[in-house]
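Asks: This is the structure I want to talk about, given as structure tokens.
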Amino acid sequence: MRLKRPVFICGLHRSGTTLLHDYLCAHYKVSFFQSAKVPENEGQFLQDVYMAERPFGGPGAFAFYPQMQFTPLKKPGRARKTAGRLLAQWDSWATGESPILLEKSPPNIVRIPYFRSLFPNARFIVWTRDPRAVTLSTRKWHKLPVPQLMAHWNTAYMKAFQDLSEDCILARYEDFCEDPSGTAERLATFCGLEKRSAPLPMAERFCAVKNSNAKYIADFPAAYRTRNLVRAWEYFGYTFSSNHGTAAND
26 MRLKRPVFIC GLHRSGTTLL HDYLCAHYKV SFFQSAKVPE NEGQFLQDVY MAERPFGGPG
86 AFAFYPQMQF TPLKKPGRAR KTAGRLLAQW DSWATGESPI LLEKSPPNIV RIPYFRSLFP
146 NARFIVWTRD PRAVTLSTRK WHKLPVPQLM AHWNTAYMKA FQDLSEDCIL ARYEDFCEDP
206 SGTAERLATF CGLEKRSAPL PMAERFCAVK NSNAKYIADF PAAYRTRNLV RAWEYFGYTF
266 SSNHGTAAND
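Per the numbering used here, residue 26 is the first one in the sequence shown, and the count goes up by one each step.
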């Protein structure tokens, strides 16, 4: 088997995970999926070891379901067997010669302990974007209420925050847009990725890295109020005033 270790990008739909994934694949030696049969080459749809998000509401809803938060496998033998089966299935879809696989399915955000139990040497990039931008961008796909989408962001990232450990590194869409190469280098160093001698071509939509938050934030409901006693976005550097919020340090 070629694949030995995964690096999981953990971030919600519409948070910019595909942008990060493509940038890292283009500039660093990793293996990655290429399949026209599944959305954005996501590994969740290229295996039958665990459930994908679709039966549980998909974007804007999946993190609410306990069924999406798989229990870590405590028996080493079972964990090794499950990990081997998963890598074997993923291996047939992977492109590249590197034994390190980069995987970016959005439900990774609530499955860190499960994947940690399968792959003790895995690395997790916990990726965030201003929740207002994620909320209104997700509404393009599903006309869900703004409070639900904000609550979904809060639920998903609160779970990730609770699961953080030394195998995790935090990164923000906003910081990446400000300094793509510097942010990527920091992540690559943490994950043990070697730089390519010459970058691979990127998708045309990602050739120019640009922060598109402003257009969403401008349309965010001015009267929005959160009733969440725990606001996960504050733990990740985003602060909200009484009406609109702003990303700290932007």
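Built from N, CA and C at the ideal position, the CB exists for glycine as well. These figures come from a predicted structure and were not determined experimentally.
How far does the beta strand (DSSP E) with Phe149 in it extend, from its first residue to its last?
Replies: 148-153 is the span of the beta strand (DSSP E), which, as asked, contains Phe149.
Asks: Below 8 Å on the Cβ atoms is my guess for Val63 versus Leu126; work out the distance and round it to an integer in Å.
Replies: Their Cβ separation, rounded to whole angstroms, is 15 Å, which puts Val63 and Leu126 out of contact at 8 Å.
Asks: Using the Cβ count rule (16 or more neighbours within 10 Å means buried), how would you classify Asp47?
Replies: Asp47 is buried by the Cβ-count criterion.
Asks: Any idea what DSSP makes of Val32, helix, strand or coil?
Replies: If DSSP states are grouped into helix, strand and coil, Val32 belongs with the strands.
Asks: What does DSSP give as the partner residue(s) for Phe144 in the beta ladder?
Replies: Looking at the DSSP assignment, Phe144 forms no beta bridge with any residue, so it has no partner.
Asks: Would Trp115 and Leu28 be called neighbours here (beta carbons separated by less than 8 Å)?
Replies: A contact, by the Cβ cut-off of 8 Å.
Asks: Spell out the partners DSSP gives Glu128 in its beta bridges.
Replies: Glu128 pairs with Phe33.
Asks: Quick check: the region 152-166 against the region 182-201, are at least 3 beta-carbon pairs closer than 8 Å?
Replies: Yes: at least three Cβ pairs fall under 8 Å.
Asks: For Thr96, does the count of other Cβ atoms within 10 angstroms reach 16, so buried, or fall short, so exposed?
Replies: So Thr96 ends up on the exposed side.
Asks: Since I believe Glu67 is in contact with Lys129 (beta carbons under 8 Å), could you give me their beta-carbon distance rounded to a whole number of angstroms?
Replies: Their Cβ separation, rounded to whole angstroms, is 7 Å, which keeps Lys129 and Glu67 in contact under 8 Å.
Asks: Please look up how many angstroms separate the CB atoms of Pro224 and Ala51, rounded, as I've assumed it's under 8 Å.
Replies: Yes, they are in contact, since the Cβ atoms of Pro224 and Ala51 sit about 5 Å apart, within 8 Å.
Asks: Terminal residues of the continuous beta strand (DSSP E) containing Cys193?
Replies: From DSSP, the beta strand (DSSP E) with Cys193 extends over 193-197.
Asks: Could you check if Arg103 is buried or exposed, using at least 16 other CB atoms within 10 Å of its CB as the buried criterion?
Replies: Result: exposed.
Asks: Is it the case that the region 168-183 contacts the region 86-96, given that we only count it when at least three CB pairs across the two stretches are under 8 Å?
Replies: The answer is yes - the region 168-183 touches the region 86-96, with three or more Cβ pairs under 8 Å.
Asks: Between Pro31 and Gln187, what straight-line distance do the alpha-carbon atoms span, to the nearest angstrom?
Replies: Computed Cα separation, rounded: 21 Å.
Asks: Alpha carbon to alpha carbon, how far is Cys35 from Thr43?
Replies: Whole-angstrom Cα-Cα distance: 11 Å.
Asks: Decide if Arg105 is buried, meaning its Cβ has at least 16 other Cβ atoms within 10 Å, or exposed.
Replies: Exposed, by the Cβ-count rule.
Asks: With H, G and I counted as helix, E and B as strand and the rest as coil, what does DSSP make of Lys220?
Replies: The answer is strand: DSSP assigns Lys220 an E or B state.
Asks: Candidates Trp258, Ala239, Met93, Ile134: which alpha carbon is nearest Phe81's?
Replies: With distances taken between Cα atoms, Phe81 lies closest to Met93.
Asks: Determine the closest residue to Ala147 out of Arg256, Ser40, Pro170, Leu218, with distance taken between C-alpha atoms.
Replies: Residue Leu218 is the option with its Cα nearest to Ala147.
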